[in-house]
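Let me begin by presenting the structure, written as structure tokens, before commenting on it.
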Amino acid sequence: MKRIFLLLTFMLSFVQFKADEGMWLLMMIKRLNGVDMQKDGLRLTPEEIYSINQSSLKDAIVQFGGGCTAEMVSKEGLLFTNHHCGYGSIAALSTPEKDHLTNGFWAMKKSEELPSKGLSVRFLVRMDDVSKRINAKLNNNMTADERKAIIDAEYKAIQTENSENGKYVVTVRDFFNGNEFYYFVYQDFKDVRLVGTPPNSLGKFGGDTDNWEWPRHTVDFSVFRVYADANGNPAEYSPNNVPMTPKHALPISLKGYQPGDFTMILGFPGRTNRFLTSFGIEQMVNKDYPAWVEASKMAMDVMKKFMDKDQATKLDYASQYASVANYWKNRQGTIDAVNKNGTIAEKKALEGKYMAWALLPENQAMYSGVLDDLKANYLQISNRNVERNYSQIMQRNAKYIPISYQLGTLLKTYADQDDAGKTAMKQKVTDAINKAYDKLNVNLEGEMLNSLVNLYQQKVSKDVASPTLMSADAKNLSLQAFSSIFANKESALNFVNNPDRLKIDADPMFKLANGYITDQKLETEKYAKVDEAFAKNTRMFLDGLRKSQPEKDFYPDANSTMRITTGKVTTLPERTDRKYFGINEKNNYYTDINGMVAKYKKGDEEFDLPQRLLDLVKKKDFGQYKDKKGFMPVNFLSDNDITGGNSGSPIMDGYGRLIGLAFDGNSEALSGDIIFDKKWQKTINVDIRMVLWTIEKYGQAGHLISEMTLVK
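So the sequence shown is numbered by our numbering: it starts at 505 and just counts up by one.
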């Protein structure tokens, strides 16, 4: 009965959903007012988008690999996502002899599809609001530990109540900085196989030069299939598994679009911080992000040096390099956009309005001091935050540190066992070693360790730095690594056969890694009270901010939970510093394949094109995928509100038909994670017709098209 009531509330309020800024939880739609979406172009009922009891649009959307989005496009488990989302799996399945990343891959029958180890997809089953339940047990006088204990106990109870004895994965997330709570019930499928991918020259056309820029001509998609056991349930990989049948698969529109046409995106946006204060933004762009950019660039340079020398290393580190490069450009772009767009001034103006409300007699005691307290918090944690950024890049890229710590801890336990215990543990330890050194270039890692520790010593303030790292001989750390038990797989496996606890304790890399991790823990404890105050002040500020604007509809920051965002096909004002390759301001909402060919540079790492594509374009062999105006579309723009994690999300028309895949944003709005700019913030999408053309005409895999429902 409760579910029916919630659904009715949802339906009655849905028609008032405001098509504007915001990444909205489906259950939050009842809060909204404003433009009638039916007038904007929506042709679906609320129940066709989100339903608990029957098939709906949300059942076609999955979280892909934990960090992207994908959509089901056939009743045989076929899904689309971005090429850059599948990049890691494609690279892992590639070798110099079978280089799917460089050359592309198309399975011509299901038996040729490639199992992607470690890859899974997550379906949302349902969600619900438990804010009243949890908040009833909380108050602002509690300590952080008391508050955490109550929240953790409620989370555990909610998970137990809804998991159906392990059938589902249940997560509870806080929203509005701990002011509201929702739970989500998911089902995870772990047998996911690569079906098809264009070559890297298409899937990553434009490389870092075009990343976050418009116009784009990137064929950013890949194709996978989800498998289940004979009963349709999630299962680990088995050759006996069968393609799973989703509750809903998206139909695909070949109709095309015009500026102003309604669009909507469902996906799993990763993280935004739209309620960040002006103090937080100043810390971010003046200290935190510059540290991230500098450390990332150094890591990229080290990887590139070795990747250029060896194709196997290039494949092994391709995904890591692409990830670092993407965030490197994003962070620098955010700095530039914030400074250019006057973001800090806008935040200060908003805070001025908040203070006028907070100083009213009825609000003063609880809210008037919150902003001053937050400003003080940022002064206290400023240097620590800079250290965290250098440290984060080091932990992600200098692999000798996590390998030495994790394996060292495991090998110490192993060495302490009696003979029977060692026998019982040996396979587990061996597997861990094989995994840790899989596709590791030890020379690259030695130079990475030297470079990033040296940078850390130069840039991090001594009052917050790890004493262990500051006292290390950064110029010779690689020599220590190469003489360590953890130098390579063979050395670590040799220890398994000849265990000696004292050798672990004396090992130079274990001492470095263990000391560094210990220093990090002590630093966290040192700042525990400051972090506790910061969390409370942030929660109180957002509580007051919402109360100070009762007429405004607030949406929560993104946190990898499913959201809907609506908008329209749109244009972006031209810039004089760009080449537009035949498009102009009047029709720059799309790019076509002729513009792609115009960018072509033979042999160039970023702008080369396969001869097969050039031949097809020359013949104008576009089949049913050509636009009615005569051009072959590649990418297009919309003004949907997305962020990282939305990569691979379906962009749909008002009927819920797939018209493209979201894959990027534009550099003018890289401050979008902290503030939404209606003029500049756009979504760059790969046109679904280009996806299908690439599959059928370029990849000659038309059998995949026959699985899909095409609407002309």
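Even for Gly, the Cβ is constructed at its ideal location relative to N, Cα and C.
query                                                                                                                                                                                              : result
For the beta strand (DSSP E) holding residue 1259, just list the boundary residues, first then last.                                                                                               : Because the chain in this structure spans residues 505 to 1216, residue 1259 falls outside the shown range and cannot be described.
Am I right that residue 1204 and residue 610 are in contact with their C-beta atoms under 8 Å? What's the rounded C-beta distance?                                                                 : 7 Å
Between the C-alpha atoms of residue 519 and residue 628, what's the straight-line distance to the nearest angstrom?                                                                               : Since pLDDT at residue 519 reaches only 36, below the 50 mark, its modelled position is unreliable, and no value is offered.
Where do the N-terminal and C-terminal ends of the alpha helix (DSSP H) with residue 828 fall, by residue?                                                                                         : 822 to 845
What runs of the beta strand (DSSP E), each 3 residues or longer, lie entirely inside the region 1057 to 1106?                                                                                     : 1067 to 1072, 1094 to 1096
Name the DSSP beta bridge partners of residue 687, please?                                                                                                                                         : 632, 676
Could you check whether the region 576 to 593 touches the region 822 to 832, counting it as contact only if at least three pairs of C-beta atoms, one from each stretch, sit closer than 8 Å?      : yes
In the structure shown, what three-state DSSP assignment does residue 747 receive?                                                                                                                 : strand
On the criterion of 16 or more Cβ atoms from any shown chain inside 10 Å, does residue 954 qualify as buried, or is it exposed?                                                                    : buried
Mind checking which residues open and close the beta strand (DSSP E) that includes residue 1154?                                                                                                   : 1154 to 1156
For residue 1071 versus residue 1143, is the C-beta spacing smaller than 7 Å?                                                                                                                      : yes
Should residue 615 go down as buried or exposed, given a rule of 16 or more other Cβ atoms within 10 Å for buried?                                                                                 : exposed
Leaving out the 5 sequence neighbours to the left and right, which residues in its chain are closer than 8 Å to residue 723 when beta-carbon positions are compared?                               : 587, 702, 706, 707, 709, 1138, 1190, 1194, 1195, 1198
Using alpha carbons as the reference points, say which of 571, 1027, 1169 lies closest to residue 774.                                                                                             : 571
Helix, strand or coil for residue 697 per DSSP?                                                                                                                                                    : strand
Return the Cβ separation of residue 1045 and residue 842 in integer angstroms, given the expectation that the two are a contact with Cβ distance under 8 Å.                                        : The pair is not a contact, with the Cβ atoms about 20 Å apart (cut-off 8 Å).
Count Cβ pairs between the region 804 to 821 and the region 1120 to 1135 that sit closer than 8 Å; are there 3 or more?                                                                            : no
Please go through the same chain and pick out, in chain order, the residues whose beta-carbon is closer than 6 Å to the beta-carbon of residue 717, but skip the five residues on each side of it. : 1171
Can you name, in chain order, every residue of its own chain whose Cβ lies under 6 Å from the Cβ of residue 462, other than the five neighbours on each side?                                      : What is shown of the chain runs 505 to 1216, which leaves residue 462 out entirely.
Report the partner residues of residue 615 according to the DSSP bridge assignment.                                                                                                                : DSSP output for residue 615 lists no bridge partner at all.
Would you kindly work out how many angstroms separate the C-alpha atoms of residue 851 and residue 780, rounded to a whole number?                                                                 : 8 Å
For residue 1156, count neighbouring C-beta atoms within 10 Å of its own C-beta (all shown protein chains included) and say buried if the count is 16 or more, exposed if not.                     : buried
With contact counted as at least three CB pairs below 8 Å, one residue from each stretch, are the region 1159 to 1168 and the region 781 to 795 in contact?                                        : no
How long is the line joining the alpha carbons of residue 979 and residue 1004, rounded to whole angstroms?                                                                                        : 29 Å
State the CB to CB distance for the pair residue 1017 and residue 908, rounded to an integer number of angstroms; the pair is presumed to be in contact (CB under 8 Å).                            : 4 Å
Alpha carbon to alpha carbon, how far is residue 931 from residue 938? Give it in angstroms, no decimals.                                                                                          : 10 Å
Buried or exposed, going by whether 16 or more other CB atoms sit within 10 Å of the CB of residue 689?                                                                                            : buried
Is the Cβ-Cβ distance between residue 902 and residue 981 less than 7 Å?                                                                                                                           : no
For residue 812, I'd like the list of residues in its chain whose CB is within less than 8 Å of its CB, leaving aside the five on either flank, ordered along the chain.                           : 818
Rounded to whole angstroms, what's the CA-CA distance from residue 835 to residue 630? Just pull it up for me.                                                                                     : 34 Å
Can you list, in chain order, the residues of its chain with a C-beta nearer than 7 Å to that of residue 745? Leave out the 5 residues immediately preceding and following it.                     : 695, 731, 732, 733, 739
Measuring alpha carbon to alpha carbon, tell me which residue in 872, 632, 846 is nearest residue 856.                                                                                             : 872
Exposed or buried, residue 667, counting other C-beta atoms within 10 Å across all chains shown (16 or more means buried)?                                                                         : exposed
Determine the direct distance from the alpha carbon of residue 1085 to that of residue 1093, and round the result to whole angstroms.                                                              : 13 Å
Taking just the CA atoms, how far does residue 1067 sit from residue 1059?                                                                                                                         : 10 Å
Among residues of its own chain, excluding the 5 on either side of residue 634, which ones have a beta-carbon nearer than 8 Å to its beta-carbon?                                                  : 658, 662, 676, 685, 686, 687
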